[in-house]
Each structure stands twice: as C-alpha cells, then as structure tokens.
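Protein chains in written order, with our numbering: chain A, 1 to 218; chain B, 1001 to 1218. Let me begin by presenting the structure, written as structure tokens, before commenting on it.
There are 2 protein chains.
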Amino acid sequence: MRSKSTAPPADEGTRERVLTAAGELFAEHGLRGATVRAIALRAGANLAAVNYHFGGKARLYVEVMRSSFAEALARHPTDGGLAADAPAPERLRAFVRSLLARARGVGRPAWQGRLMAREMADPSAAIDVMVREGIGPEFERLLGIVREMLGPRAPADAVALAAASVVSQCLFWFFAEPVIARLPALKPFRDSAATEAIARHVVAFSRAALAGGRERRR
Amino acid sequence: MRSKSTAPPADEGTRERVLTAAGELFAEHGLRGATVRAIALRAGANLAAVNYHFGGKARLYVEVMRSSFAEALARHPTDGGLAADAPAPERLRAFVRSLLARARGVGRPAWQGRLMAREMADPSAAIDVMVREGIGPEFERLLGIVREMLGPRAPADAVALAAASVVSQCLFWFFAEPVIARLPALKPFRDSAATEAIARHVVAFSRAALAGGRERRR
DNA sequence: TTGCGATTCAAACAACTGTTTCATATGGTC
DNA sequence: GACCATATGAAACAGTTGTTTGAATCGCAA
Chain A
1 MRSKSTAPPA DEGTRERVLT AAGELFAEHG LRGATVRAIA LRAGANLAAV
51 NYHFGGKARL YVEVMRSSFA EALARHPTDG GLAADAPAPE RLRAFVRSLL
101 ARARGVGRPA WQGRLMAREM ADPSAAIDVM VREGIGPEFE RLLGIVREML
151 GPRAPADAVA LAAASVVSQC LFWFFAEPVI ARLPALKPFR DSAATEAIAR
201 HVVAFSRAAL AGGRERRR
Chain B
1001 MRSKSTAPPA DEGTRERVLT AAGELFAEHG LRGATVRAIA LRAGANLAAV
1051 NYHFGGKARL YVEVMRSSFA EALARHPTDG GLAADAPAPE RLRAFVRSLL
1101 ARARGVGRPA WQGRLMAREM ADPSAAIDVM VREGIGPEFE RLLGIVREML
1151 GPRAPADAVA LAAASVVSQC LFWFFAEPVI ARLPALKPFR DSAATEAIAR
1201 HVVAFSRAAL AGGRERRR
C-alpha cells in the first residue's frame, strides 16, 4: 500500500467494481430504487464495502455521477478536436455529435444517459456540481457557436432560446426513451447508424432554423 | 349512496382529496419517494384510506396519471379549437401552445409536467396506457401537420425526425427544469409571459427549419 | 329505534432499507 | 516470527415502508 498522505487507498479491485455496479443499478432503478445490497451483490463485494469505501450510499452516488460524467466528457470532447476558430457550423456539428455520443454512451458505460436523465427529473445533491463543472461551461460554448451563427446583432434572449432548441433535440432521444420505444413512428437510437442519422437531422434542422432566424431579423 | 351497479362509490370527499394529494407528492418525490403516510396526511385522511379507495399505492399511482393526464388534455386540446382543415402553420402553433400549456399546468394541477417527466425517466406500468390513449394519437396528429408542411414527397423518416424536433423543444423546458434553473442564460418558464415567448420561439424556429428542409429537397 | 353496508380509525405486521459493529483475514515492514 | 494498517466478512440494529386487521363510526332506509 502507498503512503497514507499522497492518495486514497487506490484499490483497483473492489472499489472499482462497486463503482461500475452502482452506475448500472442507479441508471436502471434510480438512487432510491437501487439498494446497497443489490450493488454489493453485483460487484461481488460484501455489503459493508459500500460504506467502507465510499462512506454511504449518498456519497457513492455523487461519486458515480462525477466519475462517469467526467469520463464521458473526456472521451467525447465537445469541440470534437476542432480548432476554436473553426467555422461555426462545423463546431455546431461537432457539438451535436459529442452530445449524442455521450448520451448513448458509445464508450464503455452505456448507462450514463439514463443516469443523467434521472438526475434531471429527480435532482439530487449531485446536480449542482455537475452543472457547475460540466453542463454550464458546455452550454456557454454552445451559446458562442449560436451567437456566431445568428450574427452579432442577435439579442441575448434569442441566442439562449436557439441554443436551448439545439440541446433539446439531442436530449430528447434519451430523455423520452421509454416513450419513443412505444411510438411506432420513431426508432430508438441504440445503434450508431441511427445516432448518426439523428445527428445529421439535428444539425440540418438547426442550421436551417438559424439561417431563417438570421435573415428574418432586419 | 348510488346504486352499486352503475358507478363506483363516487365519493366526492376523501377519494378526491387523496387523488390530488397523491398527485402533488408523486410529482415532487416520485412513485417511490412519496410515502402512503405522507399522502394520507396531506389529504387529511387515514393511512388505510389509500388501500381502501384505490387498492394499493401502485394502483393509486396509475389512477393519478390517468386522471390528471385526461384532465389536462381536455383543458388544452391539441387542435386548440382550430378546424381540421386550417392551414398547417396555424395548427402547428396551436399544437405547440397546447403542449407547453399542459406541461406548465396553467389550469389547476401545476404538477402534471413534472409527473410526466418522472414517468418518462422512470417508466412504470402507467406509461403503456398513457402512450396508447394520449401521447400516441397526439403524436400522430403532429406527424400529419409536419407532413403537410414538408410536402408530399418528404420521406416518412424525415417527417418523424422533424416531428421529434418539434416536441423535443417543448418538452425540454420542464424535462430539464432543474438544470435550466441553474443556468444563468436560461429563464425557467413558470410564468405565462415566459411560456408565450418560448411558444413563439419554438414555432418560429421550427417553421424556418421546415421551410429550409422543404426547399433543400429536390 | 334497529339494522346494515359504506367508511374511517388506531394499531400492528412483515418485509426491506442503510448503516454499524466487531471479528477475521491479508499483505507488507520491522 | 510479531506487528499493524488495510480490507473483507457475517450478523445484527434501528428505522421506514406498504399493507392488513378488526373495531368503531357514519348515513340512511325500513
């Protein structure tokens, strides 16, 4: 074991397994619905492991939220590797792609989208830190893109509303997933081809709307 | 008491109060979070009243969902009083207004939006009947409007995606309410003026996008 | 009043929850 | 080997949950 002052125990075994098991179960059943016993069982750990490693169910939950969100953001950066001075429409496309990819969880944890949807419908103490560290700055970047596309004379309210329209079209697909699955006209976006089609549509729809909004202003 | 065969007890007192108290608490804390004891307390009824009148917490929940949704739909019809052959843009405007009004709950129960958001994030047995009786037919009507605006040559997939874009822009404002309240750039839509501004924006944004999509197709 | 079904009430029940406790094991250092 | 912090384990605790029970009360017809 390492020295006590530098870092937490850094256990790569039980702690890690509890973290992912908790993520899956929290996403599936919610903070209240997922029991500590079920988490420990899935992780192959003892019941007391949760309290030992995280100090309680509530703190385990915020740790799951923070780590999974940070990991998803690292895997799918909102700028998509584009330079900051790339054309606004390109940056918009990268933003939409990143948001949809993170929602679907193309990397390892495919449950981050549901976790996020639950957190928004039923906010806990974790939402403050998430908005402050992740969603807030990200939305600010989107505001910049939209502002550039709407032109310098666009009022701040119009920019904010248009940015909301963009993110809403992305969030919808995993927010309303249970409903979408029951509507014959809509196909859920679980495979990457459907995600790509949705991304193209959202970008095209929003670009047309933004262009129209730009020319409508005198 | 009325005859037993015609209708359920039709108690205008306790049963009704339990129903609205349950709606408020389910909306605030969710199906699991709202306890039968708290519901009975708020309703001024005995703990056993829930089981006596509804036969259990689960059945009380679906009854709350069904009645509140039906009531909201009756108060804000999706056609907004327009004739079926009114111009499509007019019907789109009426649809958006109705959806936002129902979400905000301008009538009596202001908690229906949150209830619905919870149900989508954490679907229960109530969601099947809701989609079948309410959301499904409503979405079909929107599909008709969008199809008319996109033109007869628009493929079904494009129509469905565009309709999804319209509803998503409305749902966003009460789906992501806890996040919106924490973003300084966005104002929550709790008053009717903000709702009206959002409705105007959604209609303008979508109309511009649909017009662009129409002309882009060859 | 008497009878009777519908309703309300207080109390208890059984199951499940997160957490704590204390004993045991483990792995490395002296 | 002895020591000690770290980690795991089984059991129990205290609180809350939805539901049930059986007695008490109400409303009203005969």
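Every residue, glycine too, gets a C-beta built ideally from N, C-alpha and C.
Quiz item: Does the beta carbon of SER168(A) sit closer than 7 Å to a beta carbon anywhere in chain B?
Solution: Your numbering for residue 168(A) matches position 168 in the first sequence. Closer than 7 Å to some Cβ of chain B, the Cβ of SER168(A) qualifies, so yes.
Self-check item: Inter-stretch contact (C-beta, 8 Å, three-pair minimum) for the region 1063-1082 of chain B and the region 1181-1188 of chain B
Solution: no
Exercise. Return no unless some Cβ of chain B is closer than 7 Å to the Cβ of SER3(A).
Key: Working through the first sequence from its first residue, we reach residue 3(A) at position 3. Confidence in SER3(A) is poor, its pLDDT being 34 and thus under 50, which makes the residue's placement unreliable; the coordinate value appears in the next sentence. No, its Cβ sits nowhere closer than 7 Å to a Cβ of chain B.
Quiz item: Is it right to say ARG1102(B) is buried, meaning 16 or more other beta carbons lie within 10 angstroms of its own, or is it exposed?
Solution: On the second sequence, position 102 is the one that residue 1102(B) refers to. ARG1102(B) should be labelled buried.
Self-check item: 8 Å contact criterion, which LEU126(A) and TYR52(A) should meet: CB distance rounded
Solution: Here residue 126(A) is taken as the residue at index 126 of the first sequence, counted from 1. Here residue 52(A) is taken as the residue at index 52 of the first sequence, counted from 1. Going by the sequence as given, residue 126(A) is Ala instead of Leu. Contact doesn't hold; Cβ gap of about 21 Å is too wide.
Quiz prompt | For GLY1033(B) and GLU1119(B), the rounded distance between their alpha carbons | solution = Taking the first residue of the second sequence as position 1, residue 1119(B) is located at position 119. Taking the first residue of the second sequence as position 1, residue 1033(B) is located at position 33. Rounded to whole angstroms, GLU1119(B) to GLY1033(B) spans 13 Å at the Cα level.
Quiz item: Hey, ARG91(A) and ILE145(A): beta-carbon distance below 7 Å or not?
Solution: Taking the first sequence and counting its residues from 1, one reaches residue 91(A) at position 91. Taking the first sequence and counting its residues from 1, one reaches residue 145(A) at position 145. For ARG91(A) and ILE145(A), yes; Cβs fall inside 7 Å.
Quiz prompt | Best match in LEU82(A), ALA117(A) and ALA83(A) for proximity to ALA176(A) [C-alpha to C-alpha] | solution = Your numbering for residue 176(A) matches position 176 in the first sequence. When only C-alpha atoms are compared, the closest one is ALA117(A).
Practice problem: Would you kindly report the start and end of the unbroken alpha helix (DSSP H) that includes ALA1088(B)? | Solution: Here residue 1088(B) refers to the residue found at position 88 when the second sequence is read from its first residue. Element bounds for ALA1088(B): 1088-1104.
Quiz item: chain A partners of ASP1191(B), CB-CB under 7 Å?
Solution: For the purposes of this step, residue 1191(B) is identified with residue 191 of the second sequence, where counting begins at 1. The premise fails here: ASP1191(B) is roughly 15 Å from chain A at the closest Cβ pair, so nothing lies under 7 Å.
Quiz item: Of all the options ARG104(A), VAL129(A), GLU148(A) and PHE54(A), which has the alpha carbon lying nearest to the alpha carbon of ASP85(A)?
Solution: The count along the first sequence starts at 1 and reaches residue 85(A) at position 85. For ASP85(A), the nearest C-alpha among the options comes from GLU148(A).
Quiz item: For GLY30(A), does the three-state DSSP call read helix, strand or coil?
Solution: As a first step, residue 30(A) must be located in the first sequence, where it is residue number 30. Helix at GLY30(A).
Quiz item: Should ALA58(A) be labelled buried (16 or more other beta-carbon atoms within 10 Å of its own) or exposed?
Solution: For the purposes of this step, residue 58(A) is taken as residue 58 along the first sequence, with counting starting at 1. Under this definition ALA58(A) is an exposed residue.
Quiz item: Cα separation between ALA1027(B) and LEU1115(B)?
Solution: Residue mapping note: residue 1027(B) aligns to position 27 of the second sequence, counting from 1. Residue mapping note: residue 1115(B) aligns to position 115 of the second sequence, counting from 1. Rounded to whole angstroms, ALA1027(B) to LEU1115(B) spans 5 Å at the Cα level.
Self-check item: Contacts that GLY1033(B) makes with chain A (C-beta to C-beta distance below 7 Å)
Solution: The count along the second sequence starts at 1 and reaches residue 1033(B) at position 33. Residues of chain A passing the Cβ test: ARG32.
Exercise. Let me know if ASP1191(B) comes out buried or exposed under the rule of 16 or more other beta-carbons within 10 Å of its beta-carbon.
Key: Working through the second sequence from its first residue, we reach residue 1191(B) at position 191. The residue is exposed, with fewer than 16 neighbouring Cβ atoms inside 10 Å.
Quiz item: Taking 7 Å as the CB-CB limit, is ILE39(A) close to chain B?
Solution: As a working note, residue 39(A) is residue 39 in the first sequence. It does not; no Cβ of chain B falls within 7 Å.
Quiz prompt | Contact list for LEU183(A) against chain B, beta-carbon separation under 8 Å | solution = Residue 183(A) sits at position 183 when you count from the first residue of the first sequence. Those within 8 Å of LEU183(A) in chain B are VAL1131, ILE1135, GLY1136 and PHE1139.
Practice problem: Go through its chain and collect everything with a Cβ distance to VAL1166(B)'s Cβ below 6 Å, but skip five positions before and after it. | Solution: Here residue 1166(B) refers to the residue found at position 166 when the second sequence is read from its first residue. Once the five neighbours on either side are set aside, the close Cβ partners of VAL1166(B) are SER1206.
Quiz prompt | Within chain B, the residues that PRO123(A) reaches when beta carbons sit closer than 7 Å | solution = Taking the first residue of the first sequence as position 1, residue 123(A) is located at position 123. By Cβ distance, chain B contributes PRO1178.
Quiz item: Can you tell me the Cα-Cα spacing of GLY212(A) and ALA162(A), whole angstroms?
Solution: Working through the first sequence from its first residue, we reach residue 212(A) at position 212. Working through the first sequence from its first residue, we reach residue 162(A) at position 162. Their backbone Cα atoms lie some 12 Å apart in a straight line.
Exercise. Take the Cβ of LEU99(A) as the centre, count every other Cβ of all protein chains shown within 10 Å, and call the residue buried at 16 or more, exposed below.
Key: Start at 1 with the first residue of the first sequence, and residue 99(A) comes out as number 99. So LEU99(A) ends up on the buried side.
Quiz item: Hey, is ALA126(A)'s beta-carbon within less than 7 Å of any beta-carbon in chain B?
Solution: The residue you call residue 126(A) lines up with position 126 of the first sequence. By this cut-off, ALA126(A) is not an interface position.
Quiz item: Among ILE135(A), ALA199(A) and LEU41(A), which one has its Cα closest to the Cα of ALA72(A)?
Solution: Position 72 of the first sequence, counted from the start, is the residue given in the question as residue 72(A). Measuring from the Cα of ALA72(A), the nearest candidate turns out to be ILE135(A).
Quiz item: Helix, strand or coil: how does DSSP classify GLY56(A) here?
Solution: Sequence index remark: in the first sequence, residue 56(A) carries index 56 (1-based). Coil at GLY56(A), not helix or strand.
Self-check item: Cutoff 6 Å; reference ALA7(A); Cβ partners in own chain excluding five residues on either side
Solution: Looking up residue 7(A) in the first sequence gives position 7. Unreliable positioning characterises ALA7(A) in this predicted model, as indicated by a pLDDT of 32, which lies under 50. A coordinate reading is not provided.
Practice problem: Give the DSSP-derived three-state secondary structure of LEU1019(B) in the structure shown. | Solution: For the purposes of this step, residue 1019(B) is taken as residue 19 along the second sequence, with counting starting at 1. Helix.
Quiz item: Any idea what DSSP makes of SER5(A), helix, strand or coil?
Solution: Along the first sequence, one-based indexing puts residue 5(A) at 5. Note that SER5(A) scores 31 on pLDDT, short of 50, meaning its location in the model is unreliable and no value can be drawn from it.
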